[in-house]
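In the UniProt record's numbering, the protein residues as written are 1 to 223.
Here it is, written out as structure tokens:
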């Protein structure tokens, strides 16, 4: 493939793809995006949502139909919209194209803004509570690192991510090339559309990279 772009999810950075990258088909160029600086540079002309953020990335990186995009969780949601705008190939890992698949206790924009700007999500008590209640031993350490990262991220960055996740947008007309999902995912529910099932939880690609790479290889995008 000519160019491969990797998009991490909510509170994640590019290391979320560290175990998968060695198994992926060769590419002339690999860009593992860091979303924190991208959100910092984003000045939406219009509503702050996934459509305008995807447009920002298209302009920044010249994304086009020959590119291959892999996104995890929120990164897959962004990837799906990049495909809609450019025709690039989109591979969604533990992700969604229907916002109703997000498991969330709050969706109202005012509540999401309060959560982000108050800093309550980064409080030690809430982080410890989230880690205690986490169900999956396989990814427990990874989840704990992500939960603790809430304490250091700027509140504006957290709010922007929540806007991209939850702000309403028109339905996507162009489906992704591939969906990979674990049925035990308790962050993003499995899609109604066809998908490749792998073992694990929301971070299944990190712990079962060969299974994910095999599914991607079936698309014939390498070379």
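C-beta: ideal position from N, C-alpha, C; glycine also.
In or out: residue i buried (at least 16 other Cβ within 10 Å) or exposed?
| i | result |
| --- | --- |
| residue 83 | buried |
| residue 108 | exposed |
| residue 77 | buried |
| residue 160 | buried |
| residue 37 | exposed |
| residue 34 | exposed |
| residue 90 | buried |
State the Cα-Cα distance for the pair residue i and residue j, rounded to the nearest angstrom.
| i | j | result |
| --- | --- | --- |
| residue 145 | residue 132 | 13 angstroms |
| residue 278 | residue 151 | This structure cannot speak to residue 278, because the chain is shown only from 1 to 223. |
| residue 204 | residue 73 | 11 angstroms |
| residue 221 | residue 115 | 40 angstroms |
| residue 153 | residue 9 | 14 angstroms |
| residue 67 | residue 18 | 20 angstroms |
| residue 163 | residue 39 | 11 angstroms |
Going by beta carbon distance, what residues of the same chain come within less than 7 angstroms of residue i, once the five residues before and after it are set aside?
| i | result |
| --- | --- |
| residue 136 | 201 |
| residue 85 | 54, 55, 58 |
Would you list the one or two residues that DSSP bridges to residue i?
| i | result |
| --- | --- |
| residue 38 | Partner(s): none; residue 38 has no beta bridge. |
| residue 3 | 29, 67 |
Who are the Cβ neighbours of residue i in its own chain at under 8 angstroms, not counting the five residues just before and after it?
| i | result |
| --- | --- |
| residue 46 | 52 |
| residue 31 | 3, 4, 5, 6, 61 |
Below 6 angstroms CB to CB, which residues in the same chain sit around residue i once its five sequence neighbours on both sides are set aside?
| i | result |
| --- | --- |
| residue 70 | 6, 91 |
Do the stretch 96 to 112 and the stretch 162 to 171 meet, that is, are 3 or more Cβ pairs less than 8 angstroms apart?
-> yes
Please confirm if the stretch 16 to 34 is in contact with the stretch 103 to 117, defined as three or more CB-CB distances below 8 angstroms between the two stretches.
-> no
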